[in-house]
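When the letters of the sequence shown are read in order and numbered with the working numbering, they come out as residues 5 to 326. Yeah, the Cβ is synthetic: ideal placement off N, Cα and C, and Gly gets one too.
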Amino acid sequence: MAWYLARAHPRRCAGRRWSRPRGRLRPCPVGCVPSQGRWYLRLPMAHDLHVHTNRSDGSHDPPDLVEYAAGRGVDVLAITDHDTMAGVSEAQAAGRAIGVEVIPGIELSIKVPHGSMHLLGYFADDAPEPLAGLIAGFGDKRLERAKEMVSRLNDMGVPLDWQDVLDGAADAPLGRPHIAEALIRAGHVSERNDAFDLYLGDDRPAYVRSDGLDVEEGITLVRESGGAPVLAHPYTLRLDDVHLDPVVGRLARAGLAGIEVHRPEYSPDQFAAYGTLARKYGLIASGGSDYHRPTSPHHPGATGDPPLPEETVDRLLAAALG
């Protein structure tokens with residue numbers, strides 16, 4: 005890992021070891037010791053503000069994911085599991101040990117009439133309220149939705165054991181990826197994409213629409229919990245640019261702080277369109293890899309070309325605190 009010495013800063017280390025790149029304090033990795041009142045500063049690395057652990061539909065334990073991301077050059081990582089923050093504390097502890105700043109986050113399921121919408125929340129507070137109270141209720145909704153999808157599969161002649169779905173999810177909030185994995189184990193499909201293309205994707209025969217939050221309710225909830233709400237992957241709304249523009253404008257007026265502009269799967273046209281929306285409505289251009297597992301097409305730190313700017317983290321945390 006590359007480091008260099010910088011000029012002295014007026015704040016001195018007092019029991020904790022810190023670096024101060026670009027005006028934000030971060031824990032130094034183990035073994036980093038300030039010398040003669042000077043600071044060790046990390047050379048620019050990669051930031052990734054959208055990844056998942058096995059506390060939702062990812063495959064890595066939170067500490068393993070932090071280490072995996074660090075090995076790929078990531079030094080700021082937001083854990084954004086679906087409808088839960090159960091993995092954040094573990095990830096932060098792992099991050100402190102190796103010098104990765106872990107941002108507490110979540111990806112909320114939003115109720116929409118077409119396509120799908122997810123709302124990311126980023127927090128400066130490790131235990132945001134009143135969001136914590138709502139998270140407890142998400143599990144029951146996800147359970148009922150998953151049961152209905154498994155029932156539809158069985159009715160279609162695609163037998164699936166409910167207990168196998170539960171066992172595969174372990175303690176994670178149930179979702180379509182867990183049903184897809186059960187379909188693979190049962191021999192009905194060979195890979196996850198086939199499960200979505202044939203049965204579980206939007207408008208496929210076993211699909212059940214998420215009974216999530218209204219988007220304005222989600223934005224208000226994140227804001228009242230001390231967070232910055234960001235619209236994830238806008239293309240999943242399945243709106244063309246003409247129809248997406250007023251939707252983003254309405255969300256911006258409701259308190260939306262950002263929109264994902266930097267993602268590795270975006271085409272140049274998508275990057276340009278979402279960047280234009282961010283500028284038009286004064287939104288933070290956020291982004292991330294949306295990494296789930298080693299077989300994912302994109303890995304931690306992959307945020308597109310151009311990559312996620314370093315100052316995005318500061319802007320999001322400022323929005324959360326403001």
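What first and last residue would you give for the beta strand (DSSP E) that runs through Leu2? Nothing can be reported for residue 2, as the shown portion of the chain is limited to 5 through 326.
Kindly indicate which three-state DSSP category Gly137 falls into: helix, strand or coil? Helix.
In terms of residues, what are the limits of the alpha helix (DSSP H) holding Gly222? Val219 to Glu228 is the extent of the alpha helix (DSSP H) around Gly222.
Since Val80 is in the beta strand (DSSP E), which residue starts that stretch and which ends it? Its beta strand (DSSP E) spans residues Val78 to Ile83.
Taking DSSP's pairing of strands, which residues face Met121 in a bridge? In DSSP, Met121 forms a bridge with Ile114.
Buried or exposed for Asp85, please, with buried defined as at least 16 other CB atoms from any protein chain shown within 10 angstroms of its CB. By the neighbour-count criterion, in which a residue is buried when 16 or more other Cβ atoms sit within 10 angstroms of its Cβ, Asp85 is buried.
I want to know whether the stretch 253–263 touches the stretch 148–161 - three or more CB-CB distances under 8 Å. With the cut-off at 8 Å, the stretch 253–263 and the stretch 148–161 do not touch.
Pick helix, strand or coil for Leu243, following the three-state DSSP scheme. Looking at Leu243 - three-state DSSP - the assignment turns out to be coil, as it is neither helix nor strand.
Count the other C-beta atoms from every protein chain shown that fall within 10 angstroms of the C-beta of Pro310, then say buried if there are 16 or more, exposed otherwise. Counting Cβ neighbours within 10 Å, Pro310 comes out exposed, since fewer than 16 surround it.
Name the one or two DSSP bridge partners that Asp52 has. Per DSSP, Leu81.
If you drop the 5 nearest sequence neighbours on each side, which residues of the same chain put their C-beta closer than 7 Å to that of Asp65? Spatial neighbours of Asp65 in its own chain (CB-CB distance under 7 Å, excluding positions within 5 residues in sequence) are listed in chain order as Thr57 and Asn58.
Can you tell me where the beta strand (DSSP E) with Ser290 in it begins and where it stops? In the DSSP assignment, Ser290 falls within the unbroken beta strand (DSSP E) covering Ile288 to Gly291.
Look at Leu147 and Leu178 and say whether their C-beta atoms are less than 7 Å apart. Contact: yes.
Hey, quick one: how far does the alpha helix (DSSP H) through Pro67 stretch, first residue to last? Pro66 to Gly75 is the span of the alpha helix (DSSP H), which, as asked, contains Pro67.
State yes or no: is the C-beta of Arg180 within less than 7 Å of the C-beta of Leu204? Cβ atoms of Arg180 and Leu204: closer than 7 Å.
His122 and Gly292 closer than 7 Å at C-beta: No, the Cβ-Cβ distance between His122 and Gly292 is not below 7 Å.
Under a Cβ-count criterion, where at least 16 other Cβ atoms within 10 Å of its own Cβ denotes burial, should Gly91 be classed as buried or exposed? If you draw a 10 Å sphere on the C-beta of Gly91, you find 16 or more other C-beta atoms in it, and that means buried.
Three or more C-beta pairs closer than 8 Å, one from the stretch 293–303 and one from the stretch 205–213: is that the case here? No contact exists between the stretch 293–303 and the stretch 205–213.
Indicate whether Gly308 and Pro272 have their beta-carbon atoms separated by less than 7 Å. Not closer than 7 Å, so no.
Could you tell me which of Arg213, Ile110 and Pro163 sits nearest to Ala236, measuring between CA atoms? By alpha-carbon distance to Ala236, the top candidate from Arg213, Ile110 and Pro163 is Ile110.
N-terminal and C-terminal residue of the beta strand (DSSP E) that Gly231 is part of: Residues Gly231 to Leu235.
Going by CA-CA distance only, name the one from Glu221, Asp52, Asp249 and Gly161 that's closest to Leu287. Per the Cα distances, Asp249.
N- and C-terminal bounds of the alpha helix (DSSP H) containing Val92: Looking at the DSSP string, the run of the alpha helix (DSSP H) that includes Val92 is Val92 to Ile102.
Could you tell me the distance, in whole angstroms, from the CA atom of Pro298 to the CA atom of Ile223? Straight-line Cα distance between these residues: approximately 31 Å.
For Gly119, I'd like the list of residues in its chain whose CB is within less than 6 Å of its CB, leaving aside the five on either flank, ordered along the chain. The beta carbon of Gly119 is closer than 6 Å to those of Thr240, Leu241 and Arg242 in its chain, skipping five residues each way along the sequence.
Residue span of the alpha helix (DSSP H) that contains His182, given as start and end: Its alpha helix (DSSP H) spans residues Arg180 to Arg189.
What residues match up with Phe127 in a beta bridge as DSSP calls it? Partner(s): Gly231.
Beta-carbon separation (whole angstroms), Ala184 vs Phe200, contact threshold 8 Å: Right, their Cβ atoms sit about 6 Å apart.
Taking the alpha-carbon of Phe127 as reference, which of Lys284, Met89, Ala276 and Ala306 has the nearest alpha-carbon? Nearest C-alpha to Phe127: Met89.
Proximity below 7 Å, CB of Val219 to CB of Gly262: No, they are not a contact pair.
Going by alpha carbons, who is nearest to Val80 out of Ala323, Glu315 and Lys115? Of the residues Ala323, Glu315 and Lys115, the one whose Cα lies closest to the Cα of Val80 is Glu315.
Could you name the residues that DSSP lists as bridge partners for Tyr295? Its beta-bridge partners are Val55.
Quick check: Gly62 and His296, are their CB atoms within less than 7 Å of each other? Cβ atoms of Gly62 and His296: closer than 7 Å.
In three-state DSSP terms, what is Glu148? Helix.
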